[in-house]
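**Student:**
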Amino acid sequence: MSDPGAQADRPPAPRRGWGGLQVGRVLGVPIVVQPLWFVVVVLFTAGSGQTIKDNVAGLSTNAAYAAALAFVLLLYASVLLHELSHVVVARSLGMQVRRIVLQFLGGASEIVEEDPGHPARDFMVAMAGPLCSVFLAGVGAAVAPAFEPHTLPWLFAQGFAWVNALVAAFNLLPGFPLDGGRALLSVVWRLTEDKNRAQFVSGWVGRGLAIALAVYGAYVQNIPTGHGSDHLSGIYLLLLAFFIWANASWVIGRSKLGVVVPRLDIRAMSRRALSVAADLPVAEAVRRAHAAAARALVVVDSYGRPVGVVSEAAVMATPPQRQPWVSVSELARPVADGLLLRSDISGDALLAAVQAHPATEYLVVEPSGALFGVLARADVIAALQAAGLR
């Protein structure tokens, strides 16, 4: 059992999340269970039943598998407590928490990232989970001697202690998205005062961890055991490696995004636009645009006010032989509020405006209302791709 996604960072784009079934609330926080979680519970129950039967004398097969189910649920209860520790610390620091998700690889807390945030606060939230797991492991180890060896309560206490110790140790590994990786991010952020660099470092350490985990998972699958190779554990480790790699890659991309977004300049990216009347044929409008070295067409009314942006894709899709008979107004998109951008916005504000109102072209105007140009979404994407993003 592991808890690789202890707290979910928030990108500037629409938030990431997991689908699932809400099963209740704890401390006012929704608890969501992924459908695959039930599959994992069944698999772990099936894998643990025989082990319990072999270690507890006189236990029937049905009783052993019922005990295995209870033990797996107990372990997931400890995962929930691990996540709640993140939540309690985050809330005590004034941070917002959306929900806790029990997923097939463990658990995750959706904690809203602060902007600009504080490395010390993030460090405390990250370390809360492993400290909780250490405490739970201590509880299990302390309780175990109170029971007769090789009885069911003794086995539960011993297993509870070992699994929580393993969860704590694994989560302290310094690779994103593990708690240790988030702690590393906070430390590097504090030392360099550069969050983007810290994300980049923790992401690459996370990728290295994922590779090591995948290699070990492949090795585990080929270790002979009393029942053949341990395929279930090997597959679980490979899935965990994939999960860590994907999240580490995401935070690396996030670090690049943090560098390039502040540099987004709407004036530099905007295309020179030619104002045309609504009834002008497309062929003539294109000819005039070429002559004026303009790369965009804006339809204006009789007062010279912009009323529409001609779609470049629609122009390209119109056969040349038809262009003399099609007016630009037929290929124009009306200028709604979301498609009108001021020439003095940049960086995060610009990206947020484009994300909030998806379109192929945006009309860019000066603060005075005068036409400046047209911003093509493709040009914004190209600027992001230049930094290795999509």
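Residue 310 in numbering that gives the first Met the number 0 is what sits at position 311 of the sequence shown, and the numbering runs on without skipping anything.
Cβ atoms here follow ideal geometry from the backbone N, Cα and C, with glycine treated the same way.
Taking the DSSP output, what are the residues bridged to PRO29?
**Tutor:** Taking the first residue of the sequence shown as position 1, residue 29 is located at position 30. DSSP output for PRO29 lists ARG24 as bridge partner(s).
**Student:** Which of helix, strand or coil does DSSP assign to LEU83?
**Tutor:** Residue mapping note: residue 83 aligns to position 84 of the sequence shown, counting from 1. In the structure shown, LEU83 sits in a helix (DSSP, three-state: H, G or I).
**Student:** With three or more beta-carbon pairs closer than 8 Å as the criterion, would you say the segment 107-126 touches the segment 153-161?
**Tutor:** no
**Student:** Since PRO273 contacts ALA293 with CB under 8 Å, what's their CB separation in whole angstroms?
**Tutor:** Walking along the sequence shown from the start, residue 273 turns up at place 274. Walking along the sequence shown from the start, residue 293 turns up at place 294. The residue asked about is misnamed: residue 273 is Leu in this sequence, not Pro. So it is a contact: roughly 4 Å between Cβ atoms.
**Student:** Using the C-alpha atoms, what's the distance from ARG266 back to ARG376?
**Tutor:** Translated into the one-based positions of the sequence shown, residue 376 becomes position 377. Translated into the one-based positions of the sequence shown, residue 266 becomes position 267. The straight-line gap from Cα to Cα measures roughly 14 Å.
**Student:** Nearest by alpha-carbon distance to SER47: which of PHE37, GLY57, LEU68 and ASN61 is it?
**Tutor:** For the purposes of this step, residue 47 is taken as residue 48 along the sequence shown, with counting starting at 1. Cα-wise, what sits closest to SER47 is LEU68.
**Student:** Would you grab the beta carbon distance between LEU26 and VAL86 for me? Rounded to a whole angstrom, and I think it's under 8 Å.
**Tutor:** Taking the first residue of the sequence shown as position 1, residue 26 is located at position 27. Taking the first residue of the sequence shown as position 1, residue 86 is located at position 87. That pair is a contact at about 6 Å.
**Student:** Can you list, in chain order, the residues of its chain with a C-beta nearer than 7 Å to that of ASP264? Leave out the 5 residues immediately preceding and following it.
**Tutor:** Translated into the one-based positions of the sequence shown, residue 264 becomes position 265. Taken in chain order, the residues that qualify are SER345.
**Student:** Buried or exposed for LEU72, please, with buried defined as at least 16 other CB atoms from any protein chain shown within 10 angstroms of its CB.
**Tutor:** In the sequence shown, the residue the question calls residue 72 occupies position 73. Exposed, by the Cβ-count rule.
**Student:** Tell me whether the segment 316-326 and the segment 334-343 touch, counting them as touching only if at least three CB pairs, one residue from each stretch, are closer than 8 Å.
**Tutor:** no
**Student:** With DSSP collapsed to three states, give me the class of TYR302.
**Tutor:** Taking the first residue of the sequence shown as position 1, residue 302 is located at position 303. Three-state result, TYR302: coil.
**Student:** Work out the CA separation of TRP249 and GLY372 for me, nearest whole Å.
**Tutor:** Stepping through the sequence shown from its first residue, residue 372 is reached at position 373. Stepping through the sequence shown from its first residue, residue 249 is reached at position 250. Taking the straight line from one Cα to the other gives about 34 Å.
**Student:** Using only the alpha-carbon positions, how far apart do LEU394 and ALA66 sit?
**Tutor:** What the structure shows of the chain is the stretch from 0 to 389, and residue 394 is not part of that stretch, so it cannot be assessed.
**Student:** Which ranges does the alpha helix (DSSP H) cover as unbroken runs of at least 4 residues, wholly within the segment 227-294, from first to last along the chain?
**Tutor:** The qualifying runs are 230-259, 265-268 and 281-290.
**Student:** Does the contact criterion of 3 or more C-beta pairs under 8 Å hold for the segment 137-151 versus the segment 200-217?
**Tutor:** no
**Student:** Counting C-beta neighbours from all protein chains within 10 Å, is the total for GLY227 16 or more, i.e. buried, or is it exposed?
**Tutor:** Indexing the sequence shown from 1 puts residue 227 at position 228. Because the pLDDT of GLY227 is 43, which lies under 50, any placement of that residue in the model is unreliable, and the number read from its coordinates should be weighed accordingly. The residue is exposed, with fewer than 16 neighbouring Cβ atoms inside 10 Å.
**Student:** Starting from the C-beta of ASP378, find all residues in its chain whose C-beta is less than 6 Å away, skip the five residues before and the five after it, and write them out in chain order.
**Tutor:** Position 379 of the sequence shown, counted from the start, is the residue given in the question as residue 378. Hits under 6 Å: MET268.
**Student:** Helix, strand or coil for GLY337 per DSSP?
**Tutor:** Translated into positions along the sequence shown, residue 337 becomes position 338. The DSSP-derived three-state label of GLY337 is helix.
**Student:** Under a three-way DSSP split, which group does LEU370 fall into?
**Tutor:** Along the sequence shown, one-based indexing puts residue 370 at 371. Strand.
**Student:** Could you give the C-beta distance for GLY19 and VAL31, rounded to a whole number, given that I count them as a contact under 8 Å?
**Tutor:** Here residue 19 corresponds to residue number 20 of the sequence shown, with the count starting at 1. Here residue 31 corresponds to residue number 32 of the sequence shown, with the count starting at 1. With 8 Å as the limit, GLY19 and VAL31 qualify as a contact, their Cβ atoms being about 4 Å apart.
**Student:** From which residue to which residue does the beta strand (DSSP E) around SER132 run?
**Tutor:** Along the sequence shown, one-based indexing puts residue 132 at 133. Not the beta strand (DSSP E): SER132 falls in the alpha helix (DSSP H), residues 118-142.
**Student:** Measure the alpha-carbon distance for TYR218 versus LEU212 and round it to whole angstroms.
**Tutor:** Here residue 218 corresponds to residue number 219 of the sequence shown, with the count starting at 1. Here residue 212 corresponds to residue number 213 of the sequence shown, with the count starting at 1. Whole-angstrom Cα-Cα distance: 10 Å.
**Student:** State the DSSP-derived secondary structure class of LEU58, mapped to helix, strand or coil.
**Tutor:** Taking the sequence shown and counting its residues from 1, one reaches residue 58 at position 59. Coil at LEU58, not helix or strand.
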